[in-house]
Amino acid sequence: MISFKSITMKKNPFFLCIFSYLLIGISFSYAQWQQSSSFTSNVWAMAVNGNNIFAGTFGGVYRSSDNGGSWALYNNGFTDGQAFSLLINGNNIFAGGSNDVFLSKNNGVSWIAVSNGLNTGSVSSLAISGNNIFAGDAFGGGVFLSTDTGTNWTA
């Protein structure tokens with residue numbers, strides 16, 4: 002019978018290699034993430050459109066065009082103040098707020114509400130399938146459907 006003590010006491014190159022790899026690998030694995038945000042609001046959603054990264058926050062929609070090095074608030078026309086969900090489809094960027102869905106066609110520079118028929122307390126999720134856009138309500142209101150780029154919604 003071989004005991005653990007007998008294995009570790011012998012000069013086992015395989016054991017030393019594995020131990021060294023684990024020790025070095027674990028210490029390097031913690032160094033891969035770093036904070037890149039210059040705002041302190043909660044981030045609820047993120048989406049990417051070309052070189053632009055969007056963050057939906059409690060304070061609205063932020064955009065970074067330098068891989069997260071700096072962020073700017075892009076809320077012109079976004080009247081809800083809170084962006085809980087984001088969806089990008091081509092040049093259209095949708096943001097789900099506390100009452101409405103908003104659409105930007107110019108990378109977040111300006112937003113318009115596209116919420117006709119949308120009776121929700123908070124748009125917590127957005128999804129797309131073909132020409133169908135779905136908006137999920139965070140407070141039990143169900144799922145809403147738009148077939149016309151978010152202009153009109155049905156339950």
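Start counting the sequence shown at 2; every next residue gets the next number (our numbering).
For every residue, glycine included, the Cβ atom is placed at its ideal position computed from N, Cα and C.
Checklist entry - Excluding sequence positions up to five away, which residues of its chain have a Cβ less than 8 angstroms from the Cβ of M47? => result The residue given as residue 47 occupies position 46 in the sequence shown. So the list reads I54, F55, A56, G57, L87, once near-sequence residues are dropped.
Item to check | Residues that DSSP places opposite F145 in a beta bridge | outcome: Your numbering for residue 145 matches position 144 in the sequence shown. For F145, which the question treats as bridged, DSSP gives the partners A136.
Item to check | Contact between the region 120-130 and the region 73-80 (3+ Cβ pairs under 8 angstroms) | outcome: Contact between the region 120-130 and the region 73-80 is absent, because fewer than three Cβ pairs lie under 8 angstroms.
Next on the checklist: I'd like the list of long-range same chain contacts for K106, defined as Cβ closer than 7 angstroms, with 5 residues on each side in sequence excluded.
Outcome noted: For this step, residue 106 is matched to residue 105 along the sequence shown. Correct list, in chain order: N92, N93.
Checklist entry - Would you say S125 and G143 are within 8 angstroms of each other, going by their C-beta atoms? => result What you label residue 125 is simply residue 124 of the sequence shown in a count that begins at 1. What you label residue 143 is simply residue 142 of the sequence shown in a count that begins at 1. Between S125 and G143, the C-beta spacing is not below 8 angstroms.
Checklist entry - Three-state secondary structure (DSSP) at N92? => result As a working note, residue 92 is residue 91 in the sequence shown. It is coil, neither helix nor strand.
Next on the checklist: Using 8 angstroms as the threshold, is the C-beta distance between F84 and G97 below it?
Outcome noted: Residue 84 sits at position 83 when you count from the first residue of the sequence shown. Residue 97 sits at position 96 when you count from the first residue of the sequence shown. Correcting the residue type first, residue 84 is Ala in the shown sequence and not Phe. Their beta carbons are under 8 angstroms apart, which means A84 touches G97 by this criterion.
Checklist entry - Residues in its own chain within less than 7 angstroms of A156 by CB, not counting five upstream and five downstream? => result Counted from its first residue, the sequence shown places residue 156 at position 155. Taken in chain order, the residues that qualify are G143, F145.
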